[in-house]
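J.:
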Amino acid sequence: MNENNEVLEFIYKDANMGVESITTLLNTIKEKDNKIKKVAEDVLKDYEKYLKESKKIIHKNKLEVKEESMMAKASSWMGIKMELMKDNSDARIADMLIKGLTMGSIEATKKIDDYKDKIDKDILKLLKELQNFQEDAINKLKKYL
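The opening residue of the sequence shown carries number 674 in our numbering; numbering runs sequentially from there.
#1: For residue 813 and residue 716, what's the separation of their Cα atoms in angstroms?
#2: Nearest to residue 675 by CA position, among 799, 719, 768 and 738, is which residue?
#3: Below 9 angstroms between beta carbons: does that hold for residue 680 and residue 753?
#4: Ignoring anything shorter than 4 residues, give me the alpha helix (DSSP H) runs that lie fully in the region 723-785, in order along the chain.
#5: With a 10 Å radius around its C-beta and 16 neighbouring C-beta atoms as the bar for buried, classify residue 694 as buried or exposed.
#6: Taking the Cβ atom as the reference point for each residue, do residue 692 and residue 721 lie within a distance shorter than 9 angstroms?
#7: Report the CB separation of residue 770 from residue 807 in whole angstroms; it is logged as a contact under 8 angstroms.
#8: If we count the other Cβ atoms within 10 Å of its Cβ and call it buried at 16 or more, is residue 784 buried or exposed?
#9: So, using beta-carbon positions, are residue 803 and residue 730 closer together than 9 angstroms?
#10: Tell whether a beta-carbon distance below 9 angstroms holds between residue 687 and residue 777.
#11: Report the option in 702, 697, 709 and 798 whose CA atom is closest to the CA atom of residue 781.
#12: Flag this pair as yes or no: are the beta carbons of residue 760 and residue 709 separated by less than 9 angstroms?
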């Protein structure tokens with residue numbers, strides 16, 4: 674796989690995981706009175722934007738991206754549900770979101786460092802925007818800890 678494809682696949686999978694995880698989280702707490710919902714919805718909208726943008730570039734370049742397995746998706750879904758059954762406080766939700774965003778941000782930073790001179794400028798720009806969004810979202814969520 675060439676570097677452009679690898680980075681695009683990362684952006685797609687990271688954004689897709691964010692969309693699926695936050696959608697599950699929001700559906701789980703929709704009947705609750707959490708103050709963090711608005712921030713989580715904003716993070717979801719941003720992830721949806723990166724998912725859409727990465728899909729557009731993938732489609733334009735006629736690339737194929739391997740989807741996460743149903744087992745991985747089910748495991749993530751169950752993990753979120755179980756965690757929120759134990760504790761659905763804003764602090765716990767912020768902690769979960771921050772951990773997910775941090776993992777994505779760290780991986781994006783590594784990819785930027787590894788591929789900044791090897792990939793298409795538009796893909797690099799999208800990767801940097803994703804990483805910046807994740808860092809900003811982490812900072813917004815910290816006040817709920």
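Think of the CB as a built atom: it goes at the ideal place given N, C-alpha and C, for glycine as much as any other residue. Since we're looking at a predicted model, the values are computed, not measured.
T.: Let me spell this out:
#1: Distance between the alpha carbons of residue 813 and residue 716: 10 angstroms.
#2: Of the residues 799, 719, 768 and 738, the one whose Cα lies closest to the Cα of residue 675 is 738.
#3: Cβ atoms of residue 680 and residue 753: not closer than 9 angstroms.
#4: Taken in chain order, the complete alpha helix (DSSP H) segments of 4 residues or longer contained in the region 723-785 are 743-759.
#5: Burial check for residue 694: the Cβ neighbour count within 10 Å reaches 16 or more, so the residue is buried.
#6: Taking 9 angstroms as the cut-off, the Cβ atoms of residue 692 and residue 721 count as close.
#7: So it is not a contact: roughly 10 angstroms between Cβ atoms.
#8: Buried, since its Cβ has 16 or more Cβ neighbours within 10 Å.
#9: In this structure, the beta-carbon distance from residue 803 to residue 730 does not fall below 9 angstroms.
#10: Taking C-beta atoms as the reference points, residue 687 and residue 777 count as a pair closer than 9 angstroms.
#11: It is 798 whose Cα lies nearest to the Cα of residue 781.
#12: Not a contact, by the Cβ cut-off of 9 angstroms.
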